[in-house]
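Residues 2 to 528 (our numbering) are what the sequence shown spells out, left to right.
Single-structure report; data block below.
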Amino acid sequence: MNLLVRFALFLDSCDDYKKLKSSVKDVFDNPKSKYRLYFDFFMIFLIISSIAIVILSVKYEITSTLHLVELFILSIFTVEYLIRFWIHNDIRAIIIELHKEANFLNIQFNTKLALKKIILNKFEYIISPLAIIDLLAILSAFAQLRFLRLFLIFRMFKIFRYTKSMNEFGTILLEKRFEFFTLLVLIAFMMFTSASIIYVAEANDPASKINTFFDALYWALITVSTVGYGDIVPISVQGKIATGMLIITGLGIIAFATSIIATAFTEKMLHLKTSKILLKTDKLESCTIICGYGKIGQIIAKRLQEADENFIIIDNDHSKVELATSKNMLAIEADATKTETLIKVGIKNKNMTNIICLTDSEVQNIYIVLGARALNNNIKIISRINNIESKQKFILAGVNEVVYPFENSAQMATEYVSQPIAFDAIDAILFGKENAFIEEVAVIEGSLLDNKKIGEIDFRKYKLIPFGVLRHHEKQSEGLNYLNLKSKKFIFNPSKDFILQSGDILVVMGFMISINHFRNIVKRAIY
């Protein structure tokens, strides 16, 4: 077997090597890595320190200590460059793939082809803009090569790699390259035309400061940019006319350039804002995704915010996103029907527990449901429907619960007409009027409630009314009046002999001050 293939297979079988490379790559390339922030700050500190040493060396003789610091920084830059060169791709994967192809075709492994492919892959990194900046930042330290000292400024450009905001803005030139190229062609045409006019008109005039075509181009540049240093002034009529035309054109070019840059920066600011919000959701222990910030979405978001629950809103209406943001809610402007949007908000993560589909369109809601269920089989999906006939379709698509607002509104209206007093009581409890609330109290292991009978707890003392208990299937007792909630059972008005167990959720009614007082007592009573 070829020595190169043996070496590749050895590396592929070495778990420690693969783990090391994966860990290093995670720190260098993964913006969500827990060590990435520390690494970026460390590198920025080194870059600024090296620039400070260079500035000091211009006027002053730097000490031997600073020389050692400069050498240390240079060593770090060099090691970083080599590490990035190493993790750019997997050489072993290329060799093994070519080896498998050779075995399949029953031909001899082509070492030259493998080396060529490896070199081309590594060369892609070497010629990348950031890699060139890294290399120039290293080469600039060699004082023997005086012309390389000019590249010291590239050390500052290294910051683009470690600051996401600056890196994002740097991509503006790439994304708007067509617009900038068009602008550059227009500027070049106007400069060349104006320079030609003034050169022909004044080159042979002894009183004119334009003696060469380069002087004419220099004059055209400072004129079209509206800087106007005044060191070269046209003296002929033709030159003055060309100057006036160039100034007017320059104003238009500046306006055009400003509009391009402003548009690009606005787009990038929105992207950076979205990235910052998504980074926050990754750090939350549990989070609910709300798709659609309409009337129902606003009510749900408000209640979740009041309950101090974590959630993120997705809506493609800019005004609604701005409204949610103004209320200190996490919201992004995106299309929730697209799979990439759901992946971006982290629907695959374990901390995403619920997704609520509340758009006005059933078609959009079903798309969101299908995408969410395909990406996360464990997430709880709640969806709004506009027609009761659609309920079965949504359940088949993977919805856990459906919300039919029109039917709910009709039931509430009927209740108000038939039993107005009962309606007012329920309304007061649900919406917190007169300080009446329904709240949950967790039964923690070893707490005051654990293994206690309902009758043994003096709810009257705490000015509370027990409403029910939420219990998992495996703990559900027989003969109780319960409501099936998929993986849990809600037991209405449990008897005095009902025993609470750790993991249960006790639902009580009462004033918020009483509920909070009861919660504090339960927490303090843990032994």
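Beta carbons: idealized from backbone N, C-alpha and C, even for Gly.
Treat the numbers as computed from the prediction; the structure is a model and nothing was measured.
For MET191, the CB contacts under 7 angstroms within the same chain, skipping 5 residues up- and downstream, are VAL225, LEU247 and THR250 in chain order. Taken in chain order, the complete beta strand (DSSP E) segments of 3 or more residues contained in the region 492-520 are 506-512. Taking 8 angstroms as the cut-off, the Cβ atoms of ALA332 and ASP318 do not count as close. About 18 angstroms separates the beta carbon of PHE110 from that of LEU121, a gap too long to meet the 8 angstroms contact definition.
Non-local beta-carbon contacts of ASN387 in its own chain, meaning distances under 6 angstroms to residues more than five positions away in sequence, involve GLU363 in chain order. The straight-line gap separating the alpha-carbon atoms of MET330 and GLU307 is approximately 11 angstroms. The Cβ atoms of PHE214 and TYR200 lie closer than 8 angstroms to each other. Nearest to VAL322 by C-alpha distance, out of ALA256, GLY293 and THR338, is GLY293.
When only Cα atoms are considered, SER195 and ARG156 end up about 38 angstroms apart. Between PRO495 and VAL470, the beta carbon gap of about 5 angstroms places them in contact (Cβ cut-off 8 angstroms). Contact between the region 336-353 and the region 373-381 is present, with at least three C-beta pairs closer than 8 angstroms. ILE297 is positioned such that its CB atom lies closer than 8 angstroms to that of LEU359. The straight-line gap separating the alpha-carbon atoms of TYR463 and ILE516 is approximately 8 angstroms. Assigned with DSSP and collapsed to three states, GLY469 falls in strand.
Taking a cut-off of 8 angstroms on C-beta distances, the region 363-376 touches the region 394-402, as three or more cross pairs fall below it. Take SER503, set aside five residues on each side of it, and the residues of its chain with a beta-carbon closer than 7 angstroms to its own are VAL444, ILE445, GLU446 and ASP451, in chain order. In the structure shown, MET157 falls within a helical segment according to DSSP collapsed to helix, strand and coil. C-alpha of LEU252 to C-alpha of ASN311: approximately 50 angstroms in a straight line.
DSSP, reduced to helix, strand and coil, places SER260 within a helical segment of the structure shown. Residue burial is scored here from C-beta neighbours: LYS35 has fewer than 16 other C-beta atoms within 10 angstroms and is therefore classed as exposed. In this structure, ILE198 lies near GLN239, with their beta-carbon atoms less than 8 angstroms apart.
Only buried fits ARG162, as 16 or more other CB atoms lie within 10 angstroms of its CB. The beta carbon of ILE357 sits closer than 6 angstroms to the beta carbons of ILE291 and ILE383 from its chain, once the five residues preceding and following it are set aside; these are given in chain order. Scanning VAL6, PHE124, ILE300 and LYS26 for the CA closest to the CA of ALA94 turns up VAL6.
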